[in-house]
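Asks: From first to last, the protein sequence lines stand for chains A and B. In case it helps, the numbering used here puts the first sequence at residues 1 to 321. In case it helps, the numbering used here puts the second sequence at residues 322 to 947.
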Amino acid sequence: MGVMLGLLTGCAAQSPSILRPVSPKGRAEADLFGFILAITAFVFIVVEALLLYAVVRFRARDPRAIPPQIHGNRALEASWTTVTALGLAVIFAMTWRTMAATSTPPADALPVKVIGHQWWWEFQYPTLGITTANELVIPVGQPLRVTVTSADVIHSFWVPQLGGKMDAIPRRENVLWLQADAEGTYYGQCAELCGASHANMRLRVHAVSREAFDRWVEAQRAPAASPTEPLAQQGYQVFMSKACVGCHAIDGTPAQGKVGPDLTHVGSRTTIAAGLLENTPENMARWLDNPSAIKPGSLMPRLGLTPQEIQALVAYLSSLK
Amino acid sequence: MASSTVALPRVYAERGLLSWLTTVDHKRIGILYILGAGFFALIGGLEALLIRTQLAIPNHRVLVGEAYNQVLTMHGTTMVFLVVMPVLAGLGNYVVPLMIGARDMAYPRLNAFGVWMFLLGGIFLNLSFLLGGAPDAGWFGYAPLTAKAFSKGAGIDFWILGLQLLGISSITSSINFVSTILLLRAPGLTLNRLPLFAWTTLVTAFLILFAMPSISAALFLLFLDRHLGTHFFNPAAGGDPLLWQHLFWFFGHPEVYIMILPAMGIVSEVLPVFSRKPIFGYTAVAYSSVAIGFIGFTVWAHHMFAVGLPDVVNAFFSAASMLVAVPTAIKVFNWIATIWGGSVRYRAPFLFAAAFVALFVIGGLSGLFLASVPVDWQVTDTYFVVAHFHYTLFGGSMFAIVAGIYYWFPKITGRFLDERLGRLHFALQFIGFNLTFFPMHFLGLMGMPRRIYTYAAGLGWESLNLLATIGAFILALGFVVFFVNIARSLVAGERAPDDPWDGHTLEWLTSSPPPPYNFARVPVVHSRRPAWDRKYTGNPHPRPVAEAPTAQAPVGDGPEGDSEAEPIHLPAPSLWPLILAAGLTVFALGLVTHWIFIPLGLLLFALGLARWVQQPLFPETHEASS
Numbered sequence: 001m002g003v004m005l006g007l008l009t010g011c012a013a014q015s016p017s018i019l020r021p022v023s024p025k026g027r028a029e030a031d032l033f034g035f036i037l038a039i040t041a042f043v044f045i046v047v048e049a050l051l052l053y054a055v056v057r058f059r060a061r062d063p064r065a066i067p068p069q070i071h072g073n074r075a076l077e078a079s080w081t082t083v084t085a086l087g088l089a090v091i092f093a094m095t096w097r098t099m100a101a102t103s104t105p106p107a108d109a110l111p112v113k114v115i116g117h118q119w120w121w122e123f124q125y126p127t128l129g130i131t132t133a134n135e136l137v138i139p140v141g142q143p144l145r146v147t148v149t150s151a152d153v154i155h156s157f158w159v160p161q162l163g164g165k166m167d168a169i170p171r172r173e174n175v176l177w178l179q180a181d182a183e184g185t186y187y188g189q190c191a192e193l194c195g196a197s198h199a200n201m202r203l204r205v206h207a208v209s210r211e212a213f214d215r216w217v218e219a220q221r222a223p224a225a226s227p228t229e230p231l232a233q234q235g236y237q238v239f240m241s242k243a244c245v246g247c248h249a250i251d252g253t254p255a256q257g258k259v260g261p262d263l264t265h266v267g268s269r270t271t272i273a274a275g276l277l278e279n280t281p282e283n284m285a286r287w288l289d290n291p292s293a294i295k296p297g298s299l300m301p302r303l304g305l306t307p308q309e310i311q312a313l314v315a316y317l318s319s320l321k
Numbered sequence: 322m323a324s325s326t327v328a329l330p331r332v333y334a335e336r337g338l339l340s341w342l343t344t345v346d347h348k349r350i351g352i353l354y355i356l357g358a359g360f361f362a363l364i365g366g367l368e369a370l371l372i373r374t375q376l377a378i379p380n381h382r383v384l385v386g387e388a389y390n391q392v393l394t395m396h397g398t399t400m401v402f403l404v405v406m407p408v409l410a411g412l413g414n415y416v417v418p419l420m421i422g423a424r425d426m427a428y429p430r431l432n433a434f435g436v437w438m439f440l441l442g443g444i445f446l447n448l449s450f451l452l453g454g455a456p457d458a459g460w461f462g463y464a465p466l467t468a469k470a471f472s473k474g475a476g477i478d479f480w481i482l483g484l485q486l487l488g489i490s491s492i493t494s495s496i497n498f499v500s501t502i503l504l505l506r507a508p509g510l511t512l513n514r515l516p517l518f519a520w521t522t523l524v525t526a527f528l529i530l531f532a533m534p535s536i537s538a539a540l541f542l543l544f545l546d547r548h549l550g551t552h553f554f555n556p557a558a559g560g561d562p563l564l565w566q567h568l569f570w571f572f573g574h575p576e577v578y579i580m581i582l583p584a585m586g587i588v589s590e591v592l593p594v595f596s597r598k599p600i601f602g603y604t605a606v607a608y609s610s611v612a613i614g615f616i617g618f619t620v621w622a623h624h625m626f627a628v629g630l631p632d633v634v635n636a637f638f639s640a641a642s643m644l645v646a647v648p649t650a651i652k653v654f655n656w657i658a659t660i661w662g663g664s665v666r667y668r669a670p671f672l673f674a675a676a677f678v679a680l681f682v683i684g685g686l687s688g689l690f691l692a693s694v695p696v697d698w699q700v701t702d703t704y705f706v707v708a709h710f711h712y713t714l715f716g717g718s719m720f721a722i723v724a725g726i727y728y729w730f731p732k733i734t735g736r737f738l739d740e741r742l743g744r745l746h747f748a749l750q751f752i753g754f755n756l757t758f759f760p761m762h763f764l765g766l767m768g769m770p771r772r773i774y775t776y777a778a779g780l781g782w783e784s785l786n787l788l789a790t791i792g793a794f795i796l797a798l799g800f801v802v803f804f805v806n807i808a809r810s811l812v813a814g815e816r817a818p819d820d821p822w823d824g825h826t827l828e829w830l831t832s833s834p835p836p837p838y839n840f841a842r843v844p845v846v847h848s849r850r851p852a853w854d855r856k857y858t859g860n861p862h863p864r865p866v867a868e869a870p871t872a873q874a875p876v877g878d879g880p881e882g883d884s885e886a887e888p889i890h891l892p893a894p895s896l897w898p899l900i901l902a903a904g905l906t907v908f909a910l911g912l913v914t915h916w917i918f919i920p921l922g923l924l925l926f927a928l929g930l931a932r933w934v935q936q937p938l939f940p941e942t943h944e945a946s947s
């Protein structure tokens, strides 16, 4: 136990641990966890100690010895039944209290729509007219009313440090209160088995200052930058003439596909491929060369691009800040 | 006296393959269940090791994407439907008729049909690996991932039909258990004296009868969705994927109790015998099983707290789920009180049964976190849940099953399992189990979702995952020792007497192994511990009865020399249950592979059914010559 707890604290510093919450909902859930842990740890110690004591203390010294035959004790049985029931009633009361306090977002919440896809996340800000993917940028301290749904199978949206998960179910809109009270990047990923790359459906929430958020919003609302460098211009041509255009949208260009992530500002994201890879030219090239080598089952096919085309596309996409 | 000898009912071959293929003897059927479950446990265990190997280090590439999902799905499906359920059905089949003083199950041929359906259904399910890919949507098969659009291969169809075949097996065996326990008890064996393993088997049989139709219907609808274009679970056409979840968990949660209640029954038999005391609070232990059974049908949506149900609905299922803890706690306290003040013998069955209590408590307590809606929002679908249910199903059911096998092995085979190997097995299984599954609680809290085939480095999950993998291999080693012990003891184990543990219940009054007819003369029961009463007298301070050994003779041995013996009718062996089961399996194969198997299966089915009903139950009368 001690070793385990040591390991836990050792590792927890880098983990998206539910015990290091940075949101009101996450804190309420962690507090309730701690409350139940206190009760169950007590019960655990008492029950295991009684069991161990009974097993050790009453070991037969004489294998033929017959102990007194006790068949039961009504008073004893009634009392442990009552104590158990009371303990559970307390846990339920705390459960109800926490649930009521956290299940609905506050009234002034900013609406955000989360749509799960096999295997990436689409994020829409309906009031701001922004669509992005896999990285959700939010102002610190601002409650969000997150509507969670899915485009295909069931997924589950979960950022552990920001509170409990919510399933993303097609044709259903579930509402979740999301909020981050400290600046930082919070890791999350899909929590419902959704196919071959369930493990590769990761996301990040960037909680930034209000000013930084406003700047980000302004940048995101602008149409895509026109490529200036020759290589990037060549990449633009490749993008618009190959299959890319059928699935991806880049605002301000003919590309208006809705199947894959919106790439209007893909260069501004820190990761690509649903959070699997850091957004570097090398990784982008790897991804474009053979998506399903990185994300098994990926719906983006291997396009058979030449190394030159890949270099050009990387230059173009990286320029879309 | 010799003139009044009953003709021993040697109505069928007692050796050879055919005798097993045509057996209707509940004891042989029980053995077939247990051997079948043991075989599938090897497969399910190897799948578990593959999973742990893949997860040992981040970004490992042993079992990637689709392949991982197949192994994950088959591990869960195998352990639930092909290991835990059938081994419990097997122990129940072998032991319960003996415990209640019956000659056989109520419907011997239906019983044989059940075991063949299980074995063939299990083989059918595993054939999917060879015929185009195993099912890959998890043992819970959430829609719409199981829809044709997202799962084109035949894996899901194998899963649907395999579970249907296994469901037929479970339902027929449950009908048999209910009838047997309610109707075939020895004189004087009132329900109030029924051994607790028989009690839990009875409750479990009812749970199966009420729960199984829900998944059968759901699987049928899913099959229609996949092949006939219906849209029951297809949201794009107005169907509802949550309907699947309700139907599945209305079965799925009682299923949890189906797997744990008989295990609790085993523990309720083993602990008293090895403490040399009666169970503490028999009535409470018996009726808490009934309570768990009832409440078990009102908690299913606690698997669905994150699907967006209204608060009030979540609160109801939260409260009901917590309520299950009351009868469960009653059992735990009663078990400890049973050991308390006893004269405890540390034999292998006791070690595993006591470990069951210790580990099941952990699984029960972690369940409270999952019953609490806001905590569940965080920990559901994480490794915390994986830890939780392995503490109940492995630390719980599997430890109790192993206890039961060490306990009844001498009765079944006439030989003891080796005690020293048993202790080694216990040490490896206990350490390996905890090393594998305890760290998973922390992994879940640290944000690791379940069912992922890989994870990134740097999230703090590495060391605990490696630890869990090391534990899994220690655990596997424990089972290697177990299988070696079984194999060795079958050949060269120490001979066991009829009543090796100073037992309490009727099975210890007959020979080891028992004769085909179990008891030459059906015993009459006067208390909850009929076997004990023949050996000890006085309460609360018993002393041995003067001539204890002879007390066994009239019941267990052959009826020779017993003028009161009645003629024994044993049902004739029959091949037709196997043919009927084979017909259904071949038919199912036709639905997922080549159509030619469909008429072939139907033909076999018709043949089996026709011959079954034509064959008389008793081949010829075996009258006593008196």
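Quick reminder that beta carbons are idealized off the backbone N, C-alpha and C, glycines included.
According to the neighbour-count rule (16 or more other Cβ atoms, all chains shown, within 10 Å of its Cβ), is W437(B) buried or exposed?
Replies: buried
Asks: Identify whether E881(B) lies in helix, strand or coil by the three-state DSSP scheme.
Replies: Here E881(B) scores only 45 on pLDDT, less than 50, and its place in the model is too uncertain to base an answer on.
Asks: Do you know how far the Cα of Q220(A) is from the Cα of L276(A)?
Replies: Their backbone Cα atoms lie some 22 angstroms apart in a straight line.
Asks: How would you call A902(B), buried or exposed, if buried means at least 16 neighbouring beta carbons within 10 angstroms?
Replies: Around the beta-carbon of A902(B), 16 or more other beta-carbon atoms lie within 10 Å, marking it buried.
Asks: Does the beta-carbon of H310(B) have 16 or more other beta-carbons within 10 angstroms, so that it is buried, or is it exposed?
Replies: Missing from the structure shown is residue 310(B); chain B here goes from 322 to 947 and no further.
Asks: Would A872(B) count as contacting chain A if we go by Cβ distances under 7 angstroms?
Replies: At A872(B) the pLDDT is 43, less than 50, meaning the model places this residue with poor confidence and gives no usable figure here.
Asks: Among the residues of its own chain, which have a CB less than 7 angstroms from the CB of L419(B), if the five just before and after it don't count?
Replies: L827, E828, T831, P835, N839
Asks: So is S639(B) buried or exposed if we call it buried at 16+ other beta carbons inside 10 Å?
Replies: buried
Asks: Residues in its own chain within less than 6 angstroms of A455(B) by CB, not counting five upstream and five downstream?
Replies: Q391, M395, S449, G476
Asks: Reducing DSSP to helix, strand and coil, say where R302(A) ends up.
Replies: coil
Asks: Tell me the residue span of the alpha helix (DSSP H) that contains F673(B).
Replies: 669-692
Asks: Could you tell me whether any Cβ in chain A is nearer than 7 angstroms to the Cβ of G877(B)?
Replies: For G877(B), the pLDDT reaches just 47, beneath the cut-off of 50, and the residue's location in the model is therefore unreliable, leaving the point undetermined.
Asks: In this structure, what does DSSP give as the bridge partners for T131(A)?
Replies: Q124(A)
Asks: Using DSSP with H/G/I as helix, E/B as strand and the rest coil, what is M166(A)?
Replies: strand
Asks: Measuring straight from C-alpha to C-alpha, what distance separates S103(A) and G188(A)?
Replies: 19 angstroms
Asks: Exposed or buried, which one is V404(B) when buried takes at least 16 other CB atoms within 10 Å?
Replies: Under this definition V404(B) is a buried residue.
Asks: Would you give the residue range spanned by the beta strand (DSSP E) that Y186(A) belongs to?
Replies: 184-189
Asks: Alpha carbon to alpha carbon, how far is V153(A) from A470(B)? Give it in angstroms, no decimals.
Replies: 10 angstroms
Asks: Please name the residues in the region 378-400 of chain B whose beta-carbon is closer than 7 angstroms to at least one beta-carbon of chain A, in chain order.
Replies: V385, G386, E387, N390
Asks: Would a C-beta distance cut-off of 7 angstroms place T95(A) and S693(B) closer than the cut-off?
Replies: yes
Asks: For V385(B), which three-state DSSP category applies?
Replies: coil
Asks: Taking contact to mean at least 3 C-beta pairs separated by less than 8 angstroms, is the region 363-370 of chain B in contact with the region 760-769 of chain B?
Replies: no
Asks: What runs of the alpha helix (DSSP H), each 4 residues or longer, lie entirely inside the region 740-821 of chain B?
Replies: You should have 740-766, 783-813.
Asks: Chain A beta carbons: is any one of them nearer than 7 angstroms to that of I988(B)?
Replies: Past the edges of chain B, shown from 322 to 947, lies residue 988(B), and the structure says nothing about it.
Asks: For the alpha helix (DSSP H) that contains L582(B), what are its first and last residues?
Replies: 562-596
Asks: Name, in chain order, the residues that DSSP records as bridge partners for R864(B).
Replies: According to DSSP, R864(B) bridges with T858(B).
Asks: Okay, do the region 155-163 of chain A and the region 198-206 of chain A touch, 3+ Cβ pairs below 8 angstroms being the bar?
Replies: yes
Asks: Does DSSP put P851(B) in a helix, a strand or coil?
Replies: In this structure, P851(B) counts as helix in the three-state DSSP scheme.
Asks: Could you pull the start and end residues of the beta strand (DSSP E) that S150(A) belongs to?
Replies: 144-150
Asks: By the 10 Å Cβ neighbour count, where 16 or more other Cβ atoms means buried, how is H347(B) classified, buried or exposed?
Replies: buried
Asks: I need the straight-line Cα distance from L930(B) to L924(B), nearest angstrom please.
Replies: 10 angstroms
Asks: Would a C-beta distance cut-off of 7 angstroms place G560(B) and F553(B) closer than the cut-off?
Replies: yes
Asks: Where does T270(A) fall in DSSP's three states?
Replies: coil
Asks: Find out if the Cβ-Cβ distance for the pair S197(A), I169(A) is shorter than 7 angstroms.
Replies: no
Asks: Against chain A, with Cβ distances strictly below 7 angstroms, would S449(B) count as a contact?
Replies: The beta-carbon of S449(B) is placed no less than 7 angstroms from the nearest beta-carbon of chain A.
Asks: Can you pull the chain A neighbours of F601(B), defined as C-beta to C-beta under 8 angstroms?
Replies: I70, H71, G72, N73
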